[in-house]
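Below is one structure; the comments refer to it alone.
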Amino acid sequence: MLRNKKILITGGTGSFGKKFVKKALEYEVKKIIVFSRDELKQYEMAQEFKDPRIRFFIGDVRDKERLYHAFDGVDIVIHAAAMKQVPACEYNPFEAIKTNIHGAQNVIEAAIDRGVKRVIALSTDKACSPVNLYGATKLASDKLFIAANSYVGDKETRFSVVRYGNVVGSRGSVVPFFKKIRHTGKLPITDKRMTRFWITLDQGVQFVLDSLQRMCGGEIFVPKIPSMRVVDLAKAIAPECEIEIVGVRPGEKLHEVMITEDDARHTVEFDTYYVIQPEFPWWSHEYEKYGKSLPEGFKYASDTNTQWLSIEELRKLVKEI
Numbered sequence: 001m002l003r004n005k006k007i008l009i010t011g012g013t014g015s016f017g018k019k020f021v022k023k024a025l026e027y028e029v030k031k032i033i034v035f036s037r038d039e040l041k042q043y044e045m046a047q048e049f050k051d052p053r054i055r056f057f058i059g060d061v062r063d064k065e066r067l068y069h070a071f072d073g074v075d076i077v078i079h080a081a082a083m084k085q086v087p088a089c090e091y092n093p094f095e096a097i098k099t100n101i102h103g104a105q106n107v108i109e110a111a112i113d114r115g116v117k118r119v120i121a122l123s124t125d126k127a128c129s130p131v132n133l134y135g136a137t138k139l140a141s142d143k144l145f146i147a148a149n150s151y152v153g154d155k156e157t158r159f160s161v162v163r164y165g166n167v168v169g170s171r172g173s174v175v176p177f178f179k180k181i182r183h184t185g186k187l188p189i190t191d192k193r194m195t196r197f198w199i200t201l202d203q204g205v206q207f208v209l210d211s212l213q214r215m216c217g218g219e220i221f222v223p224k225i226p227s228m229r230v231v232d233l234a235k236a237i238a239p240e241c242e243i244e245i246v247g248v249r250p251g252e253k254l255h256e257v258m259i260t261e262d263d264a265r266h267t268v269e270f271d272t273y274y275v276i277q278p279e280f281p282w283w284s285h286e287y288e289k290y291g292k293s294l295p296e297g298f299k300y301a302s303d304t305n306t307q308w309l310s311i312e313e314l315r316k317l318v319k320e321i
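Per the UniProt record's numbering, the very first residue in the sequence shown carries number 1; after that it's consecutive.
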């Protein structure tokens, strides 16, 4: 799939971007372009990755003209750039809209006009029945990428979305935060009932690569991943610490959902993942021939998941980071 291909990843200096680049370099890729707006992070990443196939491109997804230059000759785009911090999006709403929605449309238009073959956009469980602006902007982004398949015309560009939950140890996640403050003897938990989907960076990158191989254009791919209780994570990281209940923050859910009951009606289940199919007249791929339809009333939520991580399993995952 990646052999002799020119790949570009937006937001390429983030946790996912660095792990993706490391994995992609194992294949016989022609070139990997790291597109991001932070020159310091690009400099630091350049010191870590010395491979001559990597190029660093300063730019912002808000700047369509810059994307046009960056996408020249590119075969595959992984769109990982986004404003992701819930409080930052709540406090700077239009900034989140400009990056997560306008930026998504810029990526779409540049990809079509530049003849990019495949585009996968990274989404989040927070885009499913969103209660905060981050989730709302990512839902809009998902809709834009899926609908983009409607107007590619006779061009070969295809767009799909990958949606998954919290990434273990990613920058800004709760794991490094808990580790940082464990010396205080207290760990703040919003609510003892809170649950989250959990995936490792390696698993997330591999799922994107698998989805690149499978995609026809128009799907939202959702991996089957375990849930965990946030209070169990705190006990796994710092069992000696006192748990302090601080209350649910603005824009925060008790539980996350990746497939709603409404989406489940046009979702197909496979052994390790789900495919949410688009509801458009042009969609003709019959996933039902290979997977199975979901039962009436199905919802894929972190609190009703059938897979759970124990405290010991969480402790092992955290140590591996």
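Just so you know, even glycine gets a beta-carbon here, dropped at the ideal spot from N, CA and C. Predicted model only: the values in this text are computed from it and were never measured.
Q: Would you mind working out which of Phe145, Ala88, Gly169 and Ser129 sits nearest Asn106, comparing C-alpha positions?
A: Phe145
Q) What is the residue span of the alpha helix (DSSP H) that Val162 lies within? A) From DSSP, Val162 is part of no alpha helix (DSSP H) but of the beta strand (DSSP E) over Arg158 to Val162.
Q: In the DSSP assignment, find the beta strand (DSSP E) that holds Val268 and state where it starts and stops.
A: Thr267 to Glu269
**Q.** The alpha helix (DSSP H) enclosing Thr304, as first and last residue numbers
**A.** Where Thr304 is concerned, there is no enclosing alpha helix (DSSP H), given that its DSSP letter is neither H nor E.
Q. Just how far apart, CA to CA, sit Leu139 and Lys186?
A. 35 Å
Q) Since His79 sits in a beta bridge, which residues does DSSP pair it with? A) Thr10 and Ala121
**Q.** Nearest-angstrom beta carbon gap, Tyr300 and Val222 [assumed within contact, 8 Å]
**A.** 7 Å
Q: In the DSSP assignment, find the unbroken beta strand (DSSP E) run with Lys22 in it and report its ends.
A: Where Lys22 is concerned, there is no enclosing beta strand (DSSP E), although the alpha helix (DSSP H) it sits in stretches over Ser15 to Ala24.
Q | Own chain partners of Gln206 with C-beta closer than 8 Å, once the 5 adjacent residues on each side are dropped | A | Lys23
**Q.** Closest Cα partner of Asp125 within the set Thr260, Glu256, Lys289 and Glu269
**A.** Glu256
**Q.** Residue(s) in a DSSP beta bridge with Phe56
**A.** Val34
Q. Hey, how far is the Cα of Phe159 from the Cα of Val116?
A. 10 Å
Q. Would a C-beta distance cut-off of 8 Å place Ala104 and Arg163 closer than the cut-off?
A. no
(Q) Short of 6 Å in beta carbon distance, which residues of its chain neighbour Leu317, apart from the five on each side in sequence? Order them along the chain. (A) Val168
Q. Taking the runs of the alpha helix (DSSP H) that are 4 residues or longer, which of them lie wholly in the segment 150-237?
A. 174-181, 201-214 and 230-237
Q: Return the chain-ordered list of same chain residues with a C-beta closer than 8 Å to the C-beta of Phe16, the five sequence neighbours on each side being excluded.
A: Ala80, Leu122, Val167, Ser170, Leu201, Gly204 and Val205
Q: From the DSSP output, in three-state form, read off Glu312 for me.
A: helix
Q | Met45, enclosing beta strand (DSSP E) - first and last residue | A | Run containing Met45: none in the beta strand (DSSP E); it sits in the alpha helix (DSSP H), Glu39 to Glu48.
(Q) Which residues does DSSP list as the beta-bridge partners of Glu244? (A) Pro188
Q | Rounded C-alpha distance that separates Cys89 from Gln307 | A | 31 Å
**Q.** Under 8 Å between C-beta atoms of Met45 and Val29
**A.** no
Q | Close-in-space but distant-in-sequence residues of the same chain around Arg118 (CB under 7 Å, 5 per side omitted) | A | Ile76, Arg158, Leu212 and Met215
(Q) Which residues does DSSP list as the beta-bridge partners of Val257? (A) Ala301
Q | Counted within 10 angstroms of its Cβ, other Cβ atoms place Asn4 as buried (16 or more) or exposed | A | exposed
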